[in-house]
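In this note's numbering, the protein residues as written are 4 to 242.
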């Protein structure tokens, strides 16, 4: 038994005394320069050096400040264009009064009369009754033709409610109630063409005085004739 123990000890000693065999192909060691310092002191080579930071381009500052863009022109609205339209008597369109006088029916006379304010009729009669004066129908038509462009304003000027001043407030002040001036009939004998022309003039005057004022009363042939005669034969004294 002692021989067996001794044999185990000898084998263990032999294994401990054995050395690892040298490598078959040993790698040569790299030459180390004599003046080379420790590995930590050596600088990295140029191939592995970090690239230098790129220089930023210089910013050129202009001494002249940039010009501001011009502001766009304001748009012209439809309301402004409408407000600029001239509605003066010299610019407004007159009614179409072309009559076909070659039509025999346009020469058929139709006696009629118009109601004219007493004061206006008196001034008109003073001229119409003079010897050698033109017939009343011609004088009336001539007065209407002479003041055709101003007839809407002449009609409104004879209405008291149009001349009343309206002070500021939350209610409308009515014009003083005035007794209408008495009217007298003035007879005329127009032909059919002249009657048609007067009808067109009445429609034209109403289209102007009622525009934007639907509450105004419509004009009539008598009112238009009165306004025309009043302008053609004015009073010698101030009203």
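We put the CB at the ideal spot given by N, CA and C, even for glycine.
Minimum Cα-Cα distance from residue 116 among the listed residues 236, 198 and 205 corresponds to 198. Counting only residues of its own chain and dropping the five nearest sequence neighbours on each side, residue 217 has no CB closer than 8 Å to any other CB.
Looking at 147, 192 and 227, the one whose alpha-carbon comes closest to that of residue 209 is 227. In the structure shown, the three-state DSSP call for residue 155 is helix. Contact between residue 136 and residue 130 holds, since their C-beta atoms are separated by about 6 Å, short of 8 Å. The count of Cβ pairs closer than 8 Å, one atom from the stretch 220–235 and one from the stretch 151–166, reaches three, so the stretches are in contact. Secondary structure at residue 95: coil, using DSSP grouped into helix, strand and coil.
In the three-state reduction of the DSSP assignment, residue 111 falls in the coil class, being assigned neither a helical nor a strand state. Setting aside the 5 residues that flank it on each side, residue 224 is surrounded in the same chain by 117, 201 and 205, each with a C-beta closer than 7 Å to its C-beta; the list follows chain order.
Within the stretch 158–241, the complete alpha helix (DSSP H) runs of at least 4 residues fall at 163–166, 195–212 and 224–235.
Its Cα nearest to that of residue 99, the residue 151 stands out among 188, 190, 151 and 110. DSSP places residue 105 outside any alpha helix (DSSP H), giving it a letter other than H or E. Our two residues, residue 14 and residue 7, have alpha carbons roughly 11 Å apart in a direct line. Pairing residue 143 with residue 173, the inter-Cα distance amounts to about 44 Å. Nearest in C-alpha terms to residue 193, of all of 138, 94 and 16, is 138. Taking all protein chains in view, the Cβ of residue 104 is surrounded by fewer than 16 other Cβ atoms within 10 Å, so the residue is classified as exposed.
Within a 10 Å sphere around the beta-carbon of residue 140 sit 16 or more other beta-carbons, which makes this residue buried. Per the DSSP secondary-structure output, residue 118 pairs in a beta bridge with 188. Here DSSP, grouped into helix, strand and coil, assigns residue 141 to helix. Put simply, the backbone Cα of residue 101 is about 46 Å away from that of residue 171. Taking a 10 Å sphere around the C-beta of residue 222, we find 16 or more other C-beta atoms and assign the residue as buried.
Between residue 212 and the set 153, 112, 132 and 107, the nearest pair of CA atoms involves 153.
Cβ atoms of residue 120 and residue 186 come within 8 Å of each other, at about 6 Å.
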